[in-house]
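To keep things clear, I will list the structure first and then write my remarks on it.
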Amino acid sequence: MPGGRRTVVPMTAPPPSPSILVVEDDPTIAGLVGMLFRKEGFATTVLRDGRAALAHVAREAPASAAILDVMLPYADGLAVTQAIRADARWAGVPVVVLSARTAPVDQERARQAGASEVMAKPFHPQQLLAAVRRLSGGGGA
Amino acid sequence: MSVHAALEAAQWFFLGYVVLLHLAYFALDAIALHVIGREVEATAGNVLPTAFSGLEPPITLLVPAYNEEATIAASLWSLLQLEYPSFEIVVVNDGSRDRTLQVLVEEFGLEPFPEAYRISIPTRPVRAIYRAARFPTLRVIDKENGGKADALNAATNAARCPLVCVVDADSVLQRDSLQRIVRPLLGDPTVVAAGGTIRLANGCRVSEGFVEKVDLPKSWLARIQEVEYLRAFLFGRLGWSPMNALLIISGAFGVFRKQALVEAGGYRTATIGEDMELVVRLHRQHRLARRPYRIVYVPDPLCWTEAPESLTVLRSQRIRWQRGLLESLAANRQLLFHRRGGAPGWLAFPVMLLFEAIGPVVELSGWVLSVLAVLLGGLAWQAVAALLVAALGLSLLLSVSALLLEEMSFHFYERPRQSLALLGAIALENLGYRQLTAWWRLLAILQWASRRKARWGTMQRSAAWQGKKE
Amino acid sequence: MGTVPASELMVQVALAIGLASLVLAGGMVLRILAMRRRRLRRQARVDRFLEVWRPRVYEAALGEPPQALPPLAAEDDVTFLLLWNQVQEGLRGPPRAGLNKLARTVGARIIALRRLDDADPTARLLSLRTLGHFGQVEDFERVAGYLDDRSPPIALAAARALARLDPRRAADALWPRLLSRRDWSMAQVATTFQEVEAARIGEALLQALPTLSPPDLQRLLPLVSLLDDARADVVVATLLATAQDPDNLAGALRHARSPALLDDVVRLARHPEWPVRTQAAAALGRLGDPSNRRLLIELLSDPQWWVRYRAAQALAAGRFGSREALGALSEVLPDRFARDMLAHVLAEGAR
Chain P
3 MPGGRRTVVP
13 MTAPPPSPSI
23 LVVEDDPTIA
33 GLVGMLFRKE
43 GFATTVLRDG
53 RAALAHVARE
63 APASAAILDV
73 MLPYADGLAV
83 TQAIRADARW
93 AGVPVVVLSA
103 RTAPVDQERA
113 RQAGASEVMA
123 KPFHPQQLLA
133 AVRRLSGGGG
143 A
Chain V
540 MSVHAALEAA
550 QWFFLGYVVL
560 LHLAYFALDA
570 IALHVIGREV
580 EATAGNVLPT
590 AFSGLEPPIT
600 LLVPAYNEEA
610 TIAASLWSLL
620 QLEYPSFEIV
630 VVNDGSRDRT
640 LQVLVEEFGL
650 EPFPEAYRIS
660 IPTRPVRAIY
670 RAARFPTLRV
680 IDKENGGKAD
690 ALNAATNAAR
700 CPLVCVVDAD
710 SVLQRDSLQR
720 IVRPLLGDPT
730 VVAAGGTIRL
740 ANGCRVSEGF
750 VEKVDLPKSW
760 LARIQEVEYL
770 RAFLFGRLGW
780 SPMNALLIIS
790 GAFGVFRKQA
800 LVEAGGYRTA
810 TIGEDMELVV
820 RLHRQHRLAR
830 RPYRIVYVPD
840 PLCWTEAPES
850 LTVLRSQRIR
860 WQRGLLESLA
870 ANRQLLFHRR
880 GGAPGWLAFP
890 VMLLFEAIGP
900 VVELSGWVLS
910 VLAVLLGGLA
920 WQAVAALLVA
930 ALGLSLLLSV
940 SALLLEEMSF
950 HFYERPRQSL
960 ALLGAIALEN
970 LGYRQLTAWW
980 RLLAILQWAS
990 RRKARWGTMQ
1000 RSAAWQGKKE
Chain L
54 MGTVPASELM
64 VQVALAIGLA
74 SLVLAGGMVL
84 RILAMRRRRL
94 RRQARVDRFL
104 EVWRPRVYEA
114 ALGEPPQALP
124 PLAAEDDVTF
134 LLLWNQVQEG
144 LRGPPRAGLN
154 KLARTVGARI
164 IALRRLDDAD
174 PTARLLSLRT
184 LGHFGQVEDF
194 ERVAGYLDDR
204 SPPIALAAAR
214 ALARLDPRRA
224 ADALWPRLLS
234 RRDWSMAQVA
244 TTFQEVEAAR
254 IGEALLQALP
264 TLSPPDLQRL
274 LPLVSLLDDA
284 RADVVVATLL
294 ATAQDPDNLA
304 GALRHARSPA
314 LLDDVVRLAR
324 HPEWPVRTQA
334 AAALGRLGDP
344 SNRRLLIELL
354 SDPQWWVRYR
364 AAQALAAGRF
374 GSREALGALS
384 EVLPDRFARD
394 MLAHVLAEGA
404 R
C-alpha cells in the first residue's frame, strides 16, 4: 500500500495528463514508441528492462496504459504484466503486449498473465496508438 | 663426453625445445589470425534483430551440480532467460551434501515426476526425478554421487532433444550464447560438437546471472589467468579448429549431438578430465572408423566463469587439469600417429603430448639444471641469462598476439590502463607464475604416474561475485 | 672453468631471438592501441550521427512532414542504412511509405548499390537488405549475383532481398541453391521464404519430388511446414506412397495433417524402423480416430522409448478417451514399460 514517502495520488481522481509506460529493450523501437506517444501528448516513461519495470510499478503512480515487449532482460513482459495485475494501484491499467510470436498458444499465455491486448511485432504504430486510446478510454491531447 | 659438453648440449636442447614450442604456437596463431576475419564475417548478421523461424532444433541444457546451494538458483534463473525458441533444462543433483536440492525445490516449486527414465548410458542409481511446477521445461534428477561425468551421463539419459548443451552450474551465459553456439550444427549434419569462448567473470559486474559490465579482474592472480584464457581460446582453439583437430571443448560450455554422445559411450567416469577425454575419443572413434565428422570452435558465443583467486584453489585446479590431460591422452593413445589419425593424430596429439603433457618436466629440469650448472661453475651465467631472455621474449610475443586477437574480435577493453594491466600480468606470469604452475603440473604427472585415485578438489564458492539478488 | 667459445653462439642466438621478440611484441602493442583508437573514434562518430538522425528517421516513419535534412557524409552511409533498416524491420504498414520517401531523398538505393562490394561484410549485408526494401526490379540481377556469395548470411540476405523485389523470379532462383548450398540451414531459409509465395515453393517441391535423392529430400522436408495445408497434404501424400528411405518417411509423417492420410499412417505404424513408427504414433494423435486406440495401446509396448513416448502422448491428446480413462488403463496394462510411459505422459500434461 502507498507509504508516506511519496505523494499519494488518490485512485479515484484521473491522472493529470495521460501517461504511458513503455518497456522495450531494443533501443530503436523504444525510441520510436517513445516519440510516437510523446507527440500525441502522453507523458511517456521508457524503460529498457523487466527489472526496472518491476521497480517502477512498485514505486510510481499508475500510468494510463502500459506497452510491454515480451522478451526483456531480467524479467519478461509477462512477469511484468502479472506484477501490474497484482499491484493494488496498477491493477486496472490496460496492458498491451508486443510479441514476435503470435501463435494462439502464445496469445493465450499473454492473456492468462493479464494482458489486455496482444500485438504482433513488427507492429503498426497507428494501430498501437488506437489500441492504447481505446483501452484507456480515449486519453491523449 | 665431458660434463661440460653435456651441459652445453643440454642448453642447446632447452633452447631448441623453447623455440620449437613457440613455433608450434605461432603456427596456431597465424591460422587464428587468418581465420578470425572469416569468423567476424559470419557474425555480420548480428546487427539486426534475430528472427527465429521455429525450425531451430530444440536443445537440452545439461547442468551437473554438486554442492552448489549458494549459486544454483541464480544460475538457473538466468538459464531460463536464454533467447532460444525451444529448449529444456535438466539439472542433476549429484548427491550433494549441502542444501542444493532443497534450494531447487523451494525456488522452482519442484514436484516429483514419474519419468519413464531410459538408461542409454549406465550411471550410479537415480533416486528421484522432479519437474518444476511453473517451468515445465525444467527437470531435476536427484542421484547418488558419481562425479561430474556420471551426472552428465544421467542428464543425457533424460534429455529429449537432439542437441545437448553442457554447462557448469556456475557458468554465466549471455542471452544469445545458445543461439550462437548452435549455428555450426544447424546446416551441417557432420558437425557433432561445438565449443564457445570462456572468459573470466572475476572483474565483471554480474547481476542476477548476467554480466552487465566487463572489466579486468582486480587481483594479479586473476589477471594472469585472463591472459592464459585469451591465449588458450583465441589461438589455442581458433588455431586447431579449422584443421578439425580441436581436442578440447570446455565442460563449462559446449554443444553436442545427443546421438553422437550416446554412441560414443557417454562421458568416461574413470577420468578426471571428462570434457577433454570425450572430445579426444570422438576424434579417435570417427577417424579410425573413417566416419565424416567435424568438431568446431566458434569464438562468437560467450560463457563467463570464475577463476580461482587463491593459490590453494588454483593449485588443485591445475593439478586436476594436468591429470585430466594425461588421462585423456592415455585413454585414447591409439589415435597418436595412427594411419587414419589425420590432423588430430599427427599434429594435435603430438603437440599436446610434447608441449603440454611433458612440458613441465622439460621446463623445470631446464631451470634446475641451468641454475645448478652455474652454481657449480660448469656454465657461465650469460648462457642462462640469454636463455631466459629468449624464453621471456617469445612468451611475451605469444601473449601479446593473444591481446591483438582479442582486440580484433571482442575488443572488450577500452581504456589504456586495462592494456597496461594486462602487459603487467604478462610480465608477472613469466616471473614466477609459470614456474609455479609448472611445478604443480609436475606433481600432477607424478600423481598420475603413480595412479593415485583423484578426488575432485573442492572449489570454494564465493557468492560475493554473483551480485546481490533483489 | 670459464666460458667456452662455442657457447658464445648459443648466447648470441638466444639473445637475438629474445630481442627480436620484444621488438615484435612492442610493434603489436602499438597496433592494438591504434586499432582501439580508430574503433573508439568510429563509435563516437556513430553515436553523434544517431543523435541527429534518429529523430529524423522516426519522424519519417511516423508520417511527419519532412524537415530539412543535414547532408549525409560518405563515412556515415552504412550507419544510416543500419538505422533505416532497423526501423523498417520493426514496423508494418504506413511507416514504410514515409521511410521509403526518406530513403529516396537521401539516395539510399545509390548508396546501397555502391556499398554492395564494400570490404566490410556488415555494409554488404545492409546494402542487400536495403535493396530488398527499396530496390527496383532492375536491381534483381545484381542482387541475384550474391546468392552464391561465400558467406551464408550474405547469400541469405540476397535471397531475402530477391523475395521482396520479385517473388516469382526469386523462387526460381532460390530453388537450385536450396539443394546446392549445404551451408544454409533450413531454419535460416525458412525465415527467408516466409516472404516468398509459398505456392511457388510447393509447386517446385512437388515437381522435383521424383528426382530428389533421399538425402536432398531429407534436407528440404522441413520446408513443408511453410506450405499451406492443401499443398502440404499433396506433398506428404506423395511421399508416404512412394518414399522408401525411413528418414524421409518419418519426415513426411511429421507434417501429416489430413485425415485422408490415415490409412498410410496406420500402415507405417508397423514399419520396421523405429523413427517411422515414432512419427506415425505422433500423427495418429493428430489425425487418428477412436478406432485407432487399440493400435496406440499396442505401440505403448514397443521396444523403443520414443515410440512409446509418442504413442502415450497421442493417447493423452484427447481423442482417445478422457484422462481418467487413461489413468485407469495405466493400472491394468500388463507391460511395465507401457504403464510407466503412460504415467509419465499423464503427469506431463497435468497442468
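Residue numbers (the working numbering), protein chains in the order written: chain P, 3 to 143; chain V, 540 to 1009; chain L, 54 to 404.
Even for Gly, the Cβ is constructed at its ideal location relative to N, Cα and C.
Query raised in the report: Do we get a CB-CB distance below 8 Å when we pair aspartate 393/L with the residues of chain V?
Result: Stepping through the third sequence from its first residue, residue 393/L is reached at position 340. Cβ-Cβ to chain V under 8 Å: yes for aspartate 393/L.
**Report entry** Own chain residues within Cβ distance below 8 Å of isoleucine 418/L, not counting five before or after
**Finding:** Given that chain L is displayed from residue 54 to residue 404, the structure contains no residue 418/L and the question cannot be resolved.
Query raised in the report: Which residues in chain L sit within 7 Å of phenylalanine 552/V, going by Cβ to Cβ distance?
Result: Here residue 552/V refers to the residue found at position 13 when the second sequence is read from its first residue. Chain L residues near phenylalanine 552/V: none, gap ~11 Å exceeds 7 Å.
Query raised in the report: Along the region 17-42 of chain P, what residues have a CB closer than 8 Å to any CB found in chain L?
Result: Asp28, Thr30, Ile31, Gly33, Leu34, Met37, Leu38, Lys41
Query - glycine 6/L: contacting residues in chain P (beta-carbon distance under 8 Å) - result: One cannot answer for residue 6/L here, as it falls past the ends of chain L, which runs 54 to 404.
**Report entry** Bridge partners - glycine 734/V, DSSP secondary structure assignment
**Finding:** In the second sequence, the residue the question calls residue 734/V occupies position 195. Answer is Gly793/V, Tyr836/V.
Query raised in the report: Does the ligand SAM have even one heavy atom less than 7 Å from the beta-carbon of valine 159/L?
Result: Because no ligand of any kind appears in the structure shown, any question about the ligand SAM cannot be addressed here.
**Report entry** Among Ile575/V, Cys700/V, Glu622/V, Leu961/V, the one whose alpha carbon lies nearest that of alanine 799/V
**Finding:** Here residue 799/V refers to the residue found at position 260 of the second sequence. That would be Cys700/V, whose Cα lies nearest to the Cα of alanine 799/V.
Query raised in the report: Can you name the residues of chain P whose CB is closer than 9 Å to the CB of alanine 156/L?
Result: Working through the third sequence from its first residue, we reach residue 156/L at position 103. In chain order: nothing, as chain P lies at least about 16 Å away.
**Report entry** Length of the line joining the Cα atoms of proline 119/L and proline 955/V
**Finding:** Position 66 of the third sequence, counting from 1, holds the residue named residue 119/L. Position 416 of the second sequence, counting from 1, holds the residue named residue 955/V. Straight-line Cα distance between these residues: approximately 43 Å.
Query raised in the report: Interface residues of chain V around alanine 396/L at Cβ under 8 Å?
Result: What you label residue 396/L is simply residue 343 of the third sequence in a count that begins at 1. Correct list: Pro653, Ala655.
Query raised in the report: Considering only residues of the same chain and omitting the five flanking positions on each side of arginine 363/L, which have a CB-CB separation below 6 Å?
Result: As a working mapping, residue 363/L is identified with position 310 in the third sequence. So the list reads Thr331, Ala334, Ala335, once near-sequence residues are dropped.
Query - Residues from the region 68-96 of chain P in contact with chain V, defined by Cβ distance under 8 Å - result: Met73, Pro75, Tyr76, Asp78
Requested in this report: Starting from the N-terminal side, write out each stretch of the beta strand (DSSP E) that is 3 residues or longer and does not extend beyond the region 13-49 of chain P.
Outcome: 21-25, 45-49
**Report entry** Identity of the residues DSSP links to tyrosine 669/V by a beta bridge
**Finding:** On the second sequence, residue 669/V is found 130 positions in, with the first residue counted as 1. DSSP output for tyrosine 669/V lists Pro651/V, Val679/V as bridge partner(s).
Query - Cutoff 8 Å: aspartate 727/V Cβ touching any chain B Cβ - result: Looking at the structure shown, chain B is missing, and the protein chains on hand are P, V and L.
**Report entry** Minimum C-alpha distance to alanine 882/V - residue among Arg823/V, Ala581/V, Leu755/V
**Finding:** The residue labelled residue 882/V in the question sits at position 343 within the second sequence. Answer by Cα proximity: Arg823/V.
**Report entry** Per DSSP, cross-strand counterpart(s) of proline 603/V
**Finding:** Along the second sequence, one-based indexing puts residue 603/V at 64. Val631/V.
Requested in this report: Return helix, strand or coil for alanine 690/V, following the three-state DSSP convention.
Outcome: By 1-based counting over the second sequence, the position of residue 690/V is 151. Reduced to three states, the DSSP call for alanine 690/V is helix.
Report task. Mind reading off the beta-carbon distance from threonine 30/P to glutamine 297/L? Whole number of angstroms is fine, and I expect it under 8 Å. Result -> In the first sequence, counting from the first residue as 1, residue 30/P sits at position 28. In the third sequence, counting from the first residue as 1, residue 297/L sits at position 244. Contact doesn't hold; Cβ gap of about 51 Å is too wide.
Report task. Out of Ala925/V, Leu773/V, Phe626/V, state which residue places its alpha-carbon closest to the alpha-carbon of methionine 947/V. Result -> Here residue 947/V refers to the residue found at position 408 of the second sequence. Cα-wise, what sits closest to methionine 947/V is Leu773/V.
**Report entry** Integer Cβ distance of alanine 732/V from phenylalanine 795/V, believed to fall under 8 Å
**Finding:** Residue 732/V sits at position 193 when you count from the first residue of the second sequence. Residue 795/V sits at position 256 when you count from the first residue of the second sequence. Between phenylalanine 795/V and alanine 732/V the Cβ distance is about 5 Å, and since that is below 8 Å, they are a contact.
Query - glycine 884/V versus arginine 94/L: straight-line alpha-carbon distance, rounded - result: Looking up residue 884/V in the second sequence gives position 345. Looking up residue 94/L in the third sequence gives position 41. Taking the straight line joining both Cα atoms gives about 46 Å.
Query raised in the report: With distances taken from CA atoms, which of Phe102/L, Pro267/L, Leu262/L, Trp106/L is nearest alanine 285/L?
Result: By 1-based counting over the third sequence, the position of residue 285/L is 232. Closest option to alanine 285/L, Cα to Cα, is Leu262/L.
Query raised in the report: Does the separation of the CB atoms of valine 98/P and leucine 74/P fall below 8 Å?
Result: Residue numbering aside, residue 98/P sits at position 96 when the first sequence is read from its first letter. Residue numbering aside, residue 74/P sits at position 72 when the first sequence is read from its first letter. No, they are not a contact pair.
Query raised in the report: Nearest chain L C-beta to leucine 769/V closer than 8 Å, yes or no?
Result: Counted from its first residue, the second sequence places residue 769/V at position 230. Answer no: the Cβ-Cβ gap between leucine 769/V and chain L never drops below 8 Å.
Query - arginine 107/L at chain P interface by Cβ criterion, 8 Å - result: Here residue 107/L is taken as the residue at index 54 of the third sequence, counted from 1. So, interface residue.
Requested in this report: For chain V, find out if any of its Cβ atoms is closer than 8 Å to the Cβ of alanine 240/L; answer yes or no.
Outcome: In the third sequence, residue 240/L corresponds to position 187, counting from 1. Chain V contact via Cβ: present.
Query - C-beta atoms of glutamate 321/L and leucine 302/L nearer than 8 Å - result: The residue you call residue 321/L lines up with position 268 of the third sequence. The residue you call residue 302/L lines up with position 249 of the third sequence. Per the sequence presented here, residue 321/L reads as leucine, with glutamate not at that position. Their beta carbons are under 8 Å apart, which means leucine 321/L touches leucine 302/L by this criterion.
**Report entry** For leucine 379/L, the first and last residue of its enclosing beta strand (DSSP E)
**Finding:** Taking the third sequence and counting its residues from 1, one reaches residue 379/L at position 326. Unbroken run through leucine 379/L is the alpha helix (DSSP H), 376-385; no beta strand (DSSP E).
Query raised in the report: Can you name the start and end residues of the alpha helix (DSSP H) that arginine 744/V belongs to?
Result: Residue 744/V sits at position 205 when you count from the first residue of the second sequence. No alpha helix (DSSP H) holds arginine 744/V; the beta strand (DSSP E) holding it covers 744-746.
Query raised in the report: Can you find a C-beta in chain P that's less than 8 Å from the C-beta of glutamine 115/L?
Result: On the third sequence, residue 115/L is found 62 positions in, with the first residue counted as 1. It should be noted that the sequence gives leucine, not glutamine, for residue 115/L. By this cut-off, leucine 115/L is an interface position.
**Report entry** Residue-level contact to chain L via CB, serine 66/P, 8 Å cutoff
**Finding:** Residue mapping note: residue 66/P aligns to position 64 of the first sequence, counting from 1. Cβ-Cβ to chain L under 8 Å: no for serine 66/P.
Query - Member of Leu86/L, Leu280/L, Arg145/L, Ala211/L whose CA lies at the smallest distance from the CA of glutamate 953/V - result: Mapped onto the second sequence, residue 953/V falls at position 414. Nearest C-alpha to glutamate 953/V: Leu86/L.
Query raised in the report: So, helix, strand or coil for lysine 752/V, using DSSP?
Result: On the second sequence, residue 752/V is found 213 positions in, with the first residue counted as 1. It is a strand residue.
Requested in this report: Please list the partners that proline 588/V has in chain P, where partner means a Cβ-to-Cβ separation under 7 Å.
Outcome: Locating residue 588/V in the second sequence gives position 49, counting from the first residue. Chain P residues near proline 588/V: Asp28.
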